[in-house]
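To start, the structure under review is shown below, and the notes come after it.
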Ligand SMILES: Cc1cc2nc3c(=O)[nH]c(=O)nc-3n(C[C@H](O)[C@H](O)[C@H](O)COP(=O)(O)OP(=O)(O)OC[C@H]3O[C@@H](n4cnc5c(N)ncnc54)[C@H](O)[C@@H]3O)c2cc1C
């Protein structure tokens with residue numbers, strides 16, 4: 002079969018979308034980045050993924066891998082290259098109810114996974130949005146609504162089906178290809194294309210869902226008290242605190258999720274948050290976990306949110322750190338800052354057990370800026386926060402470079418990740434080209 006790209010392999014017939022195709026506008030971009038790829042391949046099997054990789058090699062087209070298209074660096078698209086879009090690989094299957102083992106394909110969205118598991122009374126903690134793809138979360142980390150109770154998504158990945166850059170198909174688990182399993186859990190993007198994961202889910206149906214709003218003082222006392230409460234909190238409680246500034250000052254919007262259907266447990270977990278400061282609004286519900294990631298979240302990605310994001314991790318909250326975070330969210334060019342509670346089950350695994358080594362910090366600090374001049378605003382505001390964080394989480398980073406790699410994969414972890422990326426992808430075909438800050 003021949004088209005503008007040359008001769009397509011038989012296996013890819015009918016699975017390639019080029020700019021002339023009416024579906025191209027809905028497939029060219031990611032959530033944050035408008036792309037102009039030469040073609041988007043939509044594989045329906047691991048064999049198709051291998052054929053797409055072979056085709057890219059033969060034509061010299063640069064490869065971008067996409068599962069859900071929510072990656073913040075926009076590496077799920079490119080200009081002039083080949084996008085391998087795994088969206089058609091989206092089966093979800095409970096393999097064994099008694100051991101809670103679930104097989105999910107990489108192109109499924111977490112809203113679909115959550116809805117499919119709900120009738121079984123099972124949950125996989127993934128992230129806060131249902132449109133995010135399985136592939137990006139399950140190869141990078143997965144800081145979800147239940148993070149302190151469940152840990153990261155990758156902590157529960159028991160096996161990964163991977164197409165390596167040379168086209169070989171491997172099922173990696175603890176007994177077979179353990180090094181590949183290790184790198185796929187936290188640094189998978191540089192080693193291979195994951196087509197499916199076997200993940201151990203947890204038993205859960207209903208959760209406590211509480212929303213609070215609190216005024217934030219410039220000295221950051223509210224944040225310090227939030228961090229203190231979270232330092233003592235039971236694992237059932239995970240919170241996300243979002244700081245925004247407007248005419249009336251800076252406010253913290255807190256979403257608290259309690260992994261329990263007991264009103265008494267929920268009340269006991271959440272009540273200390275009422276003492277962090279001037280809490281002006283509160284709302285509490287007992288809801289199915291599935292209500293947190295509804296199918297209403299699903300949408301096409303067309304570059305509609307050209308934001309840029311960076312992040313770091315913290316242990317404890319000193320007055321200086323709290324002040325710096327508030328200043329970033331309320332300065333002359335304020336950014337949106339989110340604090341996500343870690344700790345609990347995130348600290349359980351051995352730091353060398355996966356490629357996500359950050360097992361001692363208790364807060365993930367995320368900064369996001371929007372146009373105009375999003376990169377400039379982020380750089381200026383983040384300069385205040387940077388001295389107060391260490392480490393980074395790969396999935397909340399818009400401009401991954403060498404310095405970010407060193408923060409994300411520190412020390413021996415970084416050496417092992419770099420060695421394994423070189424081993425599995427010696428020609429670096431999965432390494433995205435550095436992105437130029439725009440927006
Ligand atoms: C609105 C929004 C909410 C978010 N909320 C959370 C959250 O609560 N918790 C959290 O942890 N993160 C969150 N994120 C960040 C999210 O984890 C990352 O953006 C993640 O990469 C998205 O996965 P995706 O499959 O949709 O990404 P894509 O854009 O499809 O992929 C991004 C990159 O990840 C790699 N990748 C993707 N799939 C594969 C695969 N199958 N095999 C190998 N490499 C692959 C590739 O390098 C790819 O270019 C959020 C992002 C957004 C935009």
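Numbering (my numbering), first residue to last: 2 to 440. Backbone N, C-alpha and C fix where the C-beta goes; we use that ideal spot for every residue, glycine too. Computed from a predicted model, the values in this text were never measured in an experiment.
(message) Cutting at 6 Å between CB atoms, please list the residues of its own chain near residue 254, excluding the five before and the five after it.
(response) 214, 243
(request) Go through its chain and collect everything with a Cβ distance to residue 159's Cβ below 8 Å, but skip five positions before and after it. (result) 102, 174, 175, 199, 200, 201
(message) Less than 7 Å between the beta carbons of residue 110 and residue 299, yes or no?
(response) yes
(message) I need the DSSP call for residue 361, collapsed to helix, strand or coil.
(response) coil
(request) Look at the Cβ atom of residue 166, then the Cβ atom of residue 365, and state whether they are nearer than 7 Å. (result) no
(request) Only counting runs of 4 or more residues, tell me where the alpha helix (DSSP H) segments fall wholly within the segment 43-108, in order along the chain. (result) 47-60
(request) Using alpha carbons as the reference points, say which of 153, 275, 217 lies closest to residue 249. (result) 217
(request) With DSSP as the reference, please indicate the residues paired to residue 124 in a beta bridge. (result) 203
(request) Flag residue 107 as yes when its Cβ comes closer than 6 Å to any non-hydrogen atom of ligand 3, and as no otherwise. (result) Looking for ligand 3 in the displayed structure turns up nothing; the ligands present are ligand 1.
(message) Quick check: what's the CA-CA separation for residue 296 versus residue 259?
(response) 22 Å
(request) Would you kindly check if the distance between the Cβ of residue 329 and the Cβ of residue 385 is under 7 Å? (result) yes
(message) Rounded to the nearest angstrom, what separates residue 72 and residue 280 at their Cα positions?
(response) 33 Å
(request) Please work out which residues of its chain come closer than 8 Å, Cβ to Cβ, to residue 12, disregarding the five sequence neighbours upstream and downstream, and give them in chain order. (result) 48, 49, 52
(request) For residue 41, collect the residues of the same chain with a Cβ closer than 6 Å to its Cβ; drop the 5 residues on either side in sequence, then sort them by chain order. (result) 18, 28, 84, 86
(request) Since I believe residue 184 is in contact with residue 195 (beta carbons under 8 Å), could you give me their beta-carbon distance rounded to a whole number of angstroms? (result) Contact flag wrong, Cβ pair sits at about 11 Å.
(message) Tell me whether residue 168, by its Cβ, gets closer than 6 Å to a heavy atom of ligand 1.
(response) no
(request) Classify residue 342 as helix, strand or coil using the three-state DSSP reduction. (result) strand
(request) Excluding the 5 residues preceding and the 5 following residue 415 in the sequence, name in chain order all residues of the same chain whose CB lies nearer than 7 Å to its CB. (result) 406, 407
(request) Give a yes or no on whether 7 Å exceeds the smallest Cβ distance from residue 49 to chain D. (result) You won't find chain D in this structure, because it holds only one protein chain.
(message) Applying the 10 Å Cβ sphere with the 16-neighbour rule, what's the burial state of residue 433?
(response) buried
(request) Tell me whether the beta-carbon of residue 115 lies closer than 7 Å to the beta-carbon of residue 294. (result) yes
(request) Report all residues from its chain with a CB closer than 6 Å to the CB of residue 20; omit the five preceding and five following residues, and keep chain order. (result) none
(request) For residue 337, name the three-state secondary structure that DSSP assigns. (result) strand
(request) Reducing DSSP to helix, strand and coil, say where residue 19 ends up. (result) coil
(message) Does residue 130 come out as helix, strand or coil in the three-state DSSP assignment?
(response) coil
(message) Does the beta-carbon of residue 138, which I'm using as the reference point, lie nearer than 6 Å to any heavy atom of ligand 1?
(response) yes
(message) Just to confirm, is the Cβ distance from residue 223 to residue 142 under 7 Å?
(response) no
(request) Just list the beta strand (DSSP E) runs in the segment 273-314, keeping only unbroken ones of 3 residues or longer that don't cross its boundaries, in chain order. (result) 280-289
(request) Sort 117, 10, 179, 226 by Cα distance to residue 163 and report the nearest one. (result) 179
(request) Let me know the secondary structure DSSP gives residue 189 once reduced to three states. (result) helix
(message) Can you give me the C-alpha to C-alpha distance between residue 411 and residue 60, rounded to a whole angstrom?
(response) 36 Å
(request) Check whether the segment 305-324 touches the segment 368-376, counting contact only when three or more Cβ pairs, one atom from each stretch, lie closer than 8 Å. (result) yes
(request) Give me the Cα-Cα distance between residue 91 and residue 177, rounded to the nearest whole angstrom. (result) 24 Å
(request) Return yes when at least one heavy atom of ligand 1 lies under 6 Å from the C-beta of residue 148, else no. (result) no
(request) Write down the C-beta distance between residue 312 and residue 70 rounded to the nearest angstrom, noting that I regard them as a contact closer than 8 Å. (result) Wrong, their Cβ atoms sit about 20 Å apart, outside the cutoff.
(message) Can you tell me whether residue 60 sits near ligand 1, meaning its C-beta is under 6 Å from at least one heavy atom of the ligand?
(response) no
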